[in-house]
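J.: Note that the numbering used here has the sequence shown beginning at 36, numbered continuously upward. Quick reminder that beta carbons are idealized off the backbone N, C-alpha and C, glycines included. Computed from a predicted structure; not experimentally measured.
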Amino acid sequence: MLLRYLAYALTVIWLTHALWPQPAHAQQAPTPVSQCQAIAAAAPAASFASFSVPAAVPVASADTGEVTITFVGHSTFLIETPDGVSIATDYNGWFRTPSAPDVVTMNRAHSSHYTLSPDPAIEHVLHGWRDDGTPADHDLVVGDAYIRNVTTDIRSGFEGMIPDANSIFIFEVAGLCIGHLGHLHHELDESHYRQIGRLDVLMVPVDGGLTMGAESMSRLSRLRSALILPMHRPLTNDFLAMFGDEFDKSFATEPSVKVSLRSLPKRPLIYVLQGV
36 MLLRYLAYAL
46 TVIWLTHALW
56 PQPAHAQQAP
66 TPVSQCQAIA
76 AAAPAASFAS
86 FSVPAAVPVA
96 SADTGEVTIT
106 FVGHSTFLIE
116 TPDGVSIATD
126 YNGWFRTPSA
136 PDVVTMNRAH
146 SSHYTLSPDP
156 AIEHVLHGWR
166 DDGTPADHDL
176 VVGDAYIRNV
186 TTDIRSGFEG
196 MIPDANSIFI
206 FEVAGLCIGH
216 LGHLHHELDE
226 SHYRQIGRLD
236 VLMVPVDGGL
246 TMGAESMSRL
256 SRLRSALILP
266 MHRPLTNDFL
276 AMFGDEFDKS
286 FATEPSVKVS
296 LRSLPKRPLI
306 YVLQGV
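(1) For Y306, which three-state DSSP category applies?
(2) For the segment 168-183 and the segment 107-124, state whether three or more C-beta atom pairs, one from each stretch, are separated by less than 8 Å.
(3) In this structure, how does DSSP classify F282 when only helix, strand and coil are distinguished?
(4) If distances are taken between C-alpha atoms only, which option among E289, A287 and P240 comes closest to F274?
(5) Are the CB atoms of Q309 and G210 within a distance shorter than 9 Å?
(6) Three or more beta-carbon pairs under 8 Å between the segment 213-223 and the segment 166-173, yes or no?
(7) Give the DSSP bridge partners of K293, in chain order.
(8) Going by C-alpha distance, which of A73, S152, P290 and S260 is nearest I305?
(9) Within 10 angstroms of the Cβ of R143, are there 16 or more other Cβ atoms? Answer buried if so, exposed if not.
(10) Check the DSSP bridge columns for A123 and list the partner residues they point to.
(11) Strictly under 9 Å for the Cβ-Cβ distance: is P240 near chain D by that measure?
(12) Give the single residue among L296, P303 and L264 whose Cα lies nearest to the Cα of G279.
(13) H262 and D224 look like a contact to me (Cβ under 8 Å); what is the Cβ gap, rounded to whole Å?
(14) At the level of alpha carbons, what is the spacing between T105 and V139?
(15) How is the beta strand (DSSP E) around S202 delimited, first residue to last?
(16) Compare the Cα-Cα distances from F368 to each of G100, P136 and H159 and report the closest residue.
(17) In this structure, does DSSP put R183 in helix, strand or coil?
(18) Give me the Cβ distance between V102 and V208, rounded to the nearest whole Å; I'm assuming they're in contact under 8 Å.
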């Protein structure tokens with residue numbers, strides 16, 4: 036308990052410094068502040084599964100309701116925020132949502148993770164790569180959601196590793212930090228972990244070969260996620276076995292889960308939504 040209060044105090048100090056008014060000559064639009072990074076930096080050894088974040092955070096800071104996450108197919112989840120913003124991950128146009136999402140994210144490792152002809156009704160189409168080879172950089176606020184990304188490399192059969200061709204997309208909403216790994220091909224390094232911060236909910240590919248592999252995926256426990264949602268390929272016992280007894284495992288009877296900061300599992304839970 037003392038550790039959590041200390042983390043809270045450190046986070047408030049960090050945010051106060053980050054949000055302090057700038058001189059008059061600096062008239063740039065304010066940059067969103069990531070509470071996922073702030074809390075992880077304030078107390079890197081702590082666990083925050085039930086920790087409320089300071090109200091000073093300007094984006095998606097308060098525990099203001101439930102987020103609904105629905106498995107649509109392959110690596111596509113539909114994230115619906117308390118204010119009604121809808122986000123589809125690794126959108127490929129094959130797996131349809133009931134209506135056009137407000138935001139879609141994409142990765143280019145395979146055609147099953149993107150489309151170059153998205154529904155024109157989608158307002159925000161976020162590619163996890165850039166055609167010129169430079170890292171994609173997204174910092175977007177849509178309603179009550181703050182969306183950012185951390186780039187990783189992908190394998191290519193003829194070119195080796197292609198830098199910055201995949202993105203881990205992070206959605207900060209209702210006090211939650213929700214991460215989607217995309218088509219992750221390699222283990223994360225210290226720079227990745229610093230950029231990501233903590234993730235309460237983590238969407239993880241489980242094929243064990245096309246992406247990073249089950250044993251490597253199990254080491255992502257460093258992100259201290261309370262809820263882990265498999266995706267991408269049918270779940271195998273080998274994948275579950277890589278996560279020790281400190282993880283609970285459960286199979287859902289429906290494709291959706293409702294989650295809030297206060298309802299996160301007390302122990303890390305691998306939760307297999309219906310259809311995976």
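T.: A quick look at the data gives this:
(1) strand
(2) yes
(3) coil
(4) P240
(5) no
(6) no
(7) T103
(8) S260
(9) buried
(10) L113 and V139
(11) Among the protein chains of the structure shown there is no chain D, as only one such chain exists.
(12) P303
(13) It should be pointed out that residue 262 corresponds to Leu in this sequence rather than to His. About 24 Å; that fails the 8 Å criterion.
(14) 14 Å
(15) G195 to V208
(16) Lying before the first or after the last residue shown, residue 368 is absent from the chain, which here runs from 36 to 311.
(17) strand
(18) 6 Å
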